[in-house]
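There are 2 protein chains.
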Amino acid sequence: MEDTMTTHILTTRANFIDFMGHALEGNGMPPIAGRILGLLIFDGEPRSFSDLATELGVSRGSISANARALVQRGSIIKVNMPGDRQDYFQLADESFCVLLQTIATRMRSTSQAVQGFASELPDDATPHKRLDGLAVFFTAMADGIENAAKTLNQRC
Amino acid sequence: MEDTMTTHILTTRANFIDFMGHALEGNGMPPIAGRILGLLIFDGEPRSFSDLATELGVSRGSISANARALVQRGSIIKVNMPGDRQDYFQLADESFCVLLQTIATRMRSTSQAVQGFASELPDDATPHKRLDGLAVFFTAMADGIENAAKTLNQRC
DNA sequence: ACCTGCGTTCAGTTAAAATTGAACAAATCA
DNA sequence: TGATTTGTTCAATTTTAACTGAACGCAGGT
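Taken in sequence, the protein lines are chains A and B. The first sequence begins at 1472 in our numbering and counts up one residue at a time. The second sequence begins at 1472 in our numbering and counts up one residue at a time.
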């Protein structure tokens, strides 16, 4: 009974980790980054570098690269345990907010880029208007996402 | 002078098309789809199937596949010109709105999926809470994006 | 000093995605 | 009918991204 329960949780855990791998793949991140994030979200507590490699069944090189990318994005943080020189990783408190901010920022820079193209064109040219419209579109999207961040009532 | 102007516009056009190719690449679409979209946004008017292949310098097979994908997404529409049996494509009026709706929908389904994983876990388990939080996150994002769509005062 | 464990790096490999190009069917025209 | 044009399909190819694994430097431990 206890075992059944545990098994079910472990199955769910594995499925969730797998799911996150695919989900973040669709957002321009490598699958393993998604799996690391999924594992850390699920477990909540710090996990060691080696554990990640072992549990996910991937090379240490992969953990190194992908964990670094996640740290850089602010999704996870690296922590040190006293008397243990391994690196540990855990979900960042502001993880989700950071994710939103990252996306919003990307939208804004895209908007700016499009605006740049528009400004190259004569004001009366119809492409100018359309590119302007596209720039507005990206800005609106950035606004919407940042707004969502605030809605989450966390510090963003 | 006239020539300089035209050249500059053409250069900007080429750069914009190229930019869109890269931009949509980051959103999970093939580069050529982005370039087709960029070309149609810039030009505004219908362009023929063959023109797309010629101007973008890619195979007809690629135009066929990518244009179809864009049509299916609702970003562009296929139109027919009287007395010309070629297929023409042009930017859909609701192009940008559709883009937002697509993203919002994906967010909601992701949220639901995560919620599904959460429901597999006992209510008192801490992973349950975290997955719930993640689901809320995706919902908030979907809301934010749909809100942005409405802000654009177009019919969405 | 030597050994062991840890994380990084990067050249090589593998796997996945995108694109090509030739074959094809349908439609048009002479 | 036969020749042409048009868009689709799919197997082969190219391109790109991701991953591996061995070599390396660094820290501690014995």
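Cβ coordinates follow ideal geometry from the N, Cα and C atoms, glycine included. Note that this is a predicted model, so its numbers are computed, not measured.
Return the chain-ordered list of same chain residues with a C-beta closer than 8 angstroms to the C-beta of residue i, the five sequence neighbours on each side being excluded.
i, result
"residue 1496(B)", "1502 and 1505"
"residue 1490(B)", "1509"
"residue 1586(B)", "1602, 1603 and 1606"
"residue 1534(A)", "1503, 1507, 1520, 1523, 1524 and 1527"
So the beta strand (DSSP E) residue i belongs to, where does it begin and stop?
i, result
"residue 1500(A)", "Where residue 1500(A) is concerned, there is no enclosing beta strand (DSSP E), given that its DSSP letter is neither H nor E."
"residue 1551(B)", "1547 to 1552"
Going by alpha carbons, who is nearest to residue i out of the options?
i, options, result
"residue 1545(B)", "1562(B), 1605(B), 1615(B) and 1610(B)", "1562(B)"
"residue 1578(A)", "1601(A), 1606(A), 1554(A) and 1552(A)", "1606(A)"
"residue 1558(B)", "1623(B), 1481(B) and 1521(B)", "1521(B)"
"residue 1481(B)", "1610(A), 1596(A) and 1608(A)", "1596(A)"
"residue 1483(B)", "1599(A), 1612(A) and 1511(A)", "1599(A)"
"residue 1519(A)", "1537(A), 1534(A) and 1560(A)", "1560(A)"
"residue 1574(B)", "1534(B), 1526(B), 1548(B) and 1499(B)", "1499(B)"
"residue 1555(A)", "1538(A), 1517(A) and 1584(A)", "1517(A)"
Per DSSP, which residues does residue i bridge with? Please list them.
i, result
"residue 1560(B)", "1518(B) and 1549(B)"
"residue 1555(A)", "1552(A)"
With residue i as the anchor, note down where its alpha helix (DSSP H) starts and where it stops.
i, result
"residue 1594(B)", "It is not in any alpha helix (DSSP H) - residue 1594(B) carries neither H nor E in the DSSP assignment."
"residue 1535(A)", "1531 to 1544"
For residue i, which residues of its own chain have a beta-carbon under 6 angstroms away from its beta-carbon, when the five flanking residues on both sides are left out?
i, result
"residue 1472(A)", "Its pLDDT being 49, under 50, residue 1472(A) is placed unreliably in this model, and the value from its coordinates should be taken loosely. Closer than 6 angstroms at the Cβ level, and outside the excluded window around residue 1472(A), lies no residue."
"residue 1570(A)", "none"
"residue 1566(A)", "1546"
Below 7 angstroms CB to CB, which residues in the same chain sit around residue i once its five sequence neighbours on both sides are set aside?
i, result
"residue 1494(B)", "1505"
Which residues, in chain order, does the segment 1609 to 1620 of chain B contribute to contact with chain A at a C-beta distance below 7 angstroms?
-> Residues of the segment 1609 to 1620 of chain B that bring their beta carbon within less than 7 angstroms of a beta carbon in chain A comprise 1611, 1612, 1614, 1615, 1616, 1618 and 1619, in sequence order.
Going along the segment 1574 to 1591 of chain A in order, which residues come within less than 7 angstroms of chain B, judged by CB to CB distance?
-> For the segment 1574 to 1591 of chain A, which is checked against every Cβ of chain B, the residues closer than 7 angstroms are 1581, 1584, 1588 and 1591.
Residues of the segment 1497 to 1508 of chain A with Cβ closer than 7 angstroms to any Cβ of chain B, in chain order | Contacts with chain B (Cβ-Cβ distance below 7 angstroms) from the segment 1497 to 1508 of chain A involve 1497 and 1499, listed in chain order.
Mind listing which residues of the segment 1594 to 1608 of chain A have their C-beta closer than 8 angstroms to chain B's C-betas, in chain order?
-> Within the segment 1594 to 1608 of chain A, contact with chain B at the beta-carbon level (separation under 8 angstroms) is assigned to 1596, 1597, 1598, 1601, 1602, 1604, 1605, 1607 and 1608.
Scan the segment 1511 to 1528 of chain B for residues whose Cβ lies nearer than 8 angstroms to a Cβ of chain A and list them as they occur along the chain.
-> For the segment 1511 to 1528 of chain B, the set of residues with a beta-carbon nearer than 8 angstroms to any beta-carbon of chain A comprises 1512, 1513, 1514 and 1515, in chain order.
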